[in-house]
Amino acid sequence: MLALFFYTTKSCHLCEEAAQLLEKLQLVKEVNIEAVDISENDSLVRSYGLRIPVVKNKQSGKEIDWPFIMDDLIDLVG
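Numbering (the working numbering), first residue to last: 8 to 85.
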């Protein structure tokens, strides 16, 4: 099964919007989504702190930053 990392954090309204899109993606594509709270890891904060929400394809390593739409997510999963 295809897997995605969803880099997020608490109290992030854009992350909430992105999470809703990811839920819709799961209705049309078989994909496992692993939410990763960046606040728990200093390295992730440095990498993604100004970019979240970010979705990363675990297999290809390709990432997309907000803002994205459903078509972008579908392209990401192939």
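For glycine and all other residues, C-beta sits at the position ideal for the given N, C-alpha and C.
What you are looking at is a predicted structure, and each value in this text was computed from that prediction instead of being measured.
**Request:** Return yes when the Cβ of N39 is within less than 8 Å of the Cβ of M8, no when it is not.
**Result:** Yes, the pair counts as a contact, with Cβ atoms nearer than the cut-off.
**Request:** Compute the beta-carbon to beta-carbon distance between I45 and Y55, rounded to the nearest angstrom, for a pair I have assumed lies under 8 Å.
**Result:** Correct: roughly 5 Å between the Cβ atoms.
**Item:** Local conformation of E23 per DSSP, three classes
**Value:** helix
**Asked** I think F13 touches A42, with their Cβ atoms under 8 Å apart; what is that distance to the nearest whole Å?
**Response** 5 Å
**Message:** My assumption, with CB atoms under 8 Å, is that I59 sits in contact with C22. Please give the rounded CB distance.
**Reply:** Correct: roughly 6 Å between the Cβ atoms.
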